[in-house]
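**Student:** Got a structure for you, questions after.
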Amino acid sequence: MDSSSSSHLPEPNFYDFLRRMRSPASADLVRAIKSFIVSFSLHTIDAENDSRKLQDFLMAMETNIRKHPLWINCTDEERDTAVEGLEKYVMTKLFNRTFASSPGDAKSDMKISKKICLLQQFIKPDHLDVPKVLQNEASLLYAAKELQKINAFKAPREKLLCIMNCCRVINNLLLNVSLSTNHMPAGADDFLPTLIYVIIRANPPQLHSNLKFIQLFRWQSKLVSEVEYYLTNLLSAESFISNIDASSLSMDEIEFKKNMHPAATQVTLSETSCAVESQVCEPNSILESLGETVITRRSPDKETQLEGNNYPFLDKDAENLSSEDVQKLLGLYKQVVSRYTTLSKALHQFNLGEEQLLYLLKRKSSDPSLKIMVQPKKVERNEQLLDFNNSQAFPVFDEVQRNAGRG
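Counted from 1, the sequence shown has number 306 at position 306 by my numbering; the numbering is strictly sequential.
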């Protein structure tokens, strides 16, 4: 696809949208937006129905914005910017309800992430028939890094932009190669295999859930042309990777199985680390494994070992430490920091703080029969959706009615 296409994602001025929404004249729009968010939050979660509600709302609001006094004299591009801003605001508020909202999403994320972790151990560009001239390490790594950013954003457009940036890097690579060599002009025959390899390199977090989220909640009128082409390729790549076997690759069945077996062993050894980094574990999987480890270490028959061999400097004073002791202590410190960082990442996914976990473990130690179940705080999150006065992302909406009152 031509990277100069006019179908590029626009660069909306979100701050202009917020500025207009501060105006007392926008009070009717603000009321409609808040009413939609509250109503949306109260219904039973159903991804397909939720998508239809969101699309109908955006369509209705687009009509209202076009004839609204604040935008009546604006260009079509400025009105589009307003709807883009509206989508970002609404979907940021509703993110915890709409993203990976079904148990099946988490399972699909885990399944493809594990498959990619296996493939990463041995898959090379040649296995996917990526031409040698396209095996540019710098470009492929850059494309993978762009795709890995996808979970840094909550708005569908911004997630889609990560996909677009990744695909444009690949497309530019293909174009440059076709211009500088006798290689045939870039097409799907080269683009898709290269994209599949980049996805395997990247193992983007929650790939299935992100693609589904974009499909359902991105403003539908914008899923066209270049955007539609790239998104379709991502969906095809996801399907290909999920079902990949020897027949899908330039590899015979014996070689494929020979590679998959040691790959599975390697992934098993680092499975928890891979899941934390990719943020794709099911709600209890990380904490169950971490909790099991912690609780086992706290068991009475291992208490002596914890206080003795594992912490040799616990009862020593600084003046009694030798230079060799200091080196050992530094090594132990680095291990503690590494493990604490991994644990914090896992806890952060479930809105669980260190103090809460310590409290639960303390109760567990005093009552071994106690079962600890840790799940995302869905109730609290839904309550936050209704707390518009404490919005950190877009506080200006709450100023509208105050401004209207002063007017």
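Where is the CB? At the ideal position from N, CA and C, for every residue including glycine.
Specify whether the region 68 to 77 and the region 229 to 249 touch according to this definition: at least 3 beta carbon pairs, one from each stretch, less than 8 Å apart.
**Tutor:** The answer is no - the region 229 to 249 does not touch the region 68 to 77, with fewer than three Cβ pairs under 8 Å.
**Student:** Can you tell me the Cβ-Cβ gap for Gln148 and Ala202, rounded? I've got them flagged as a contact below 8 Å.
**Tutor:** To locate residue 148, count along the sequence shown from 1; it is residue 148. To locate residue 202, count along the sequence shown from 1; it is residue 202. Contact holds; Cβ gap of about 5 Å.
**Student:** Where does Phe191 fall in DSSP's three states?
**Tutor:** As a position in the sequence shown, residue 191 is number 191, starting the count at 1. It is helical.
**Student:** So, at 7 Å on beta carbons, what are the nonlocal neighbours of Leu99 in its own chain, with the 5 sequence-adjacent residues on each side left out?
**Tutor:** Residue numbering aside, residue 99 sits at position 99 when the sequence shown is read from its first letter. Checking the displayed sequence, the identity of residue 99 turns out to be Phe instead of Leu. These residues qualify, in order along the chain: Ser209 and Phe213.
**Student:** What residue range is occupied by the uninterrupted alpha helix (DSSP H) comprising Arg218?
**Tutor:** In the sequence shown, the residue the question calls residue 218 occupies position 218. Note, Arg218: premise wrong, no alpha helix (DSSP H); not H, not E.
**Student:** DSSP three-state label for Cys167, please.
**Tutor:** Numbered from its first residue, the sequence shown carries residue 167 at position 167. Helix, per DSSP.
**Student:** On the three-pair Cβ rule with 8 Å, is the region 41 to 56 touching the region 20 to 33?
**Tutor:** With a cut-off of 8 Å, the region 20 to 33 and the region 41 to 56 do not count as touching, because too few Cβ pairs lie within range.
**Student:** With 16 as the cutoff for other CB atoms within 10 Å, does Asp50 come out buried or exposed?
**Tutor:** Position 50 of the sequence shown, counted from the start, is the residue given in the question as residue 50. The residue in question, Asp50, is buried, as its Cβ has 16 or more Cβ neighbours within 10 Å.
**Student:** Inspect the beta-carbon positions of Gln206 and Asp109 and report whether they are closer than 9 Å.
**Tutor:** As a position in the sequence shown, residue 206 is number 206, starting the count at 1. As a position in the sequence shown, residue 109 is number 109, starting the count at 1. Cβ atoms of Gln206 and Asp109: closer than 9 Å.
**Student:** In whole angstroms, give me the CA-to-CA distance for Val90 and Leu18.
**Tutor:** Locating residue 90 in the sequence shown gives position 90, counting from the first residue. Locating residue 18 in the sequence shown gives position 18, counting from the first residue. Whole-angstrom Cα-Cα distance: 13 Å.
**Student:** Give the C-beta separation of Pro204 and Ile150 to the nearest angstrom, bearing in mind that I take them to be a contact with Cβ-Cβ under 8 Å.
**Tutor:** On the sequence shown, position 204 is the one that residue 204 refers to. On the sequence shown, position 150 is the one that residue 150 refers to. Between Ile150 and Pro204 the Cβ distance is about 6 Å, and since that is below 8 Å, they are a contact.
**Student:** For Glu146, count the other beta carbons within 10 Å of its own beta carbon; 16 or more makes it buried, fewer makes it exposed. Which is it?
**Tutor:** Working through the sequence shown from its first residue, we reach residue 146 at position 146. Buried, since its Cβ has 16 or more Cβ neighbours within 10 Å.
**Student:** Using 8 Å as the threshold, is the region 248 to 255 in touch with the region 218 to 226, meaning 3 or more CB pairs across them?
**Tutor:** Output reads no: the region 218 to 226 does not touch the region 248 to 255.
**Student:** Consult DSSP for Lys124 and reduce its assignment to one of helix, strand or coil.
**Tutor:** Mapped onto the sequence shown, residue 124 falls at position 124. Lys124 falls in the coil class under three-state DSSP.
**Student:** What does the alpha-carbon distance come out to for the pair Lys377 and Ser322?
**Tutor:** One-based indexing of the sequence shown puts residue 377 at position 377. One-based indexing of the sequence shown puts residue 322 at position 322. The pLDDT assigned to Lys377 is 44, lower than 50, so where the model puts this residue is not dependable; a value taken from the coordinates is nonetheless given after this. Straight-line Cα distance between these residues: approximately 48 Å.
**Student:** Taking buried to mean at least 16 other C-beta atoms within 10 Å of its own C-beta, is Leu42 buried or exposed?
**Tutor:** Within the sequence shown, numbered from 1, the residue matching residue 42 stands at position 42. Classification of Leu42: exposed, given that the 10 Å Cβ count is below 16.
**Student:** Which residue marks the beginning of the alpha helix (DSSP H) containing Gln55, and which one marks its end?
**Tutor:** Position 55 of the sequence shown, counting from 1, holds the residue named residue 55. Counting along the chain, the alpha helix (DSSP H) containing Gln55 begins and ends at Ala47 to Arg66.
**Student:** Would you mind giving the Cβ-Cβ distance between Ile163 and Leu249, rounded to the nearest angstrom? I have them listed as a contact below 8 Å.
**Tutor:** Within the sequence shown, numbered from 1, the residue matching residue 163 stands at position 163. Within the sequence shown, numbered from 1, the residue matching residue 249 stands at position 249. Actually they are not in contact, since the Cβ atoms of Ile163 and Leu249 sit about 24 Å apart, beyond 8 Å.
**Student:** Classify Val280 as helix, strand or coil using the three-state DSSP reduction.
**Tutor:** Residue 280 sits at position 280 when you count from the first residue of the sequence shown. Confidence is the limiting factor: at Val280 the pLDDT is only 43, short of 50, which leaves the residue's position unreliable, though a coordinate-based value still follows. Val280 falls in the coil class under three-state DSSP.
**Student:** Can you have a look at His261 and say buried or exposed, based on whether 16 or more other CB atoms are within 10 angstroms of its CB?
**Tutor:** Indexing the sequence shown from 1 puts residue 261 at position 261. Exposed: under 16 other Cβ atoms inside 10 Å.
**Student:** How big is the Cα-Cα spacing for Val336 and Asp189?
**Tutor:** Numbered from 1 along the sequence shown, position 336 holds the residue referred to as residue 336. Numbered from 1 along the sequence shown, position 189 holds the residue referred to as residue 189. Their backbone Cα atoms lie some 48 Å apart in a straight line.
**Student:** Taking 9 Å as the threshold (C-beta atoms), are Arg168 and Glu84 in contact?
**Tutor:** For the purposes of this step, residue 84 is taken as residue 84 along the sequence shown, with counting starting at 1. For the purposes of this step, residue 168 is taken as residue 168 along the sequence shown, with counting starting at 1. Contact: no.
**Student:** State buried or exposed for Arg339, treating a residue as buried only when at least 16 other CB atoms are found within 10 Å of its CB.
**Tutor:** One-based indexing of the sequence shown puts residue 339 at position 339. Classification for Arg339: exposed.
**Student:** Measuring only the C-alpha atoms, how far is Ser178 from Ile170?
**Tutor:** For this step, residue 178 is matched to residue 178 along the sequence shown. For this step, residue 170 is matched to residue 170 along the sequence shown. The alpha-carbon atoms of Ser178 and Ile170 are separated by roughly 12 Å.
**Student:** Does Ala60 pass the burial test, meaning 16 or more other C-beta atoms within 10 Å, or should it be called exposed?
**Tutor:** Locating residue 60 in the sequence shown gives position 60, where the first residue counts as 1. Exposed, since its Cβ has fewer than 16 Cβ neighbours within 10 Å.
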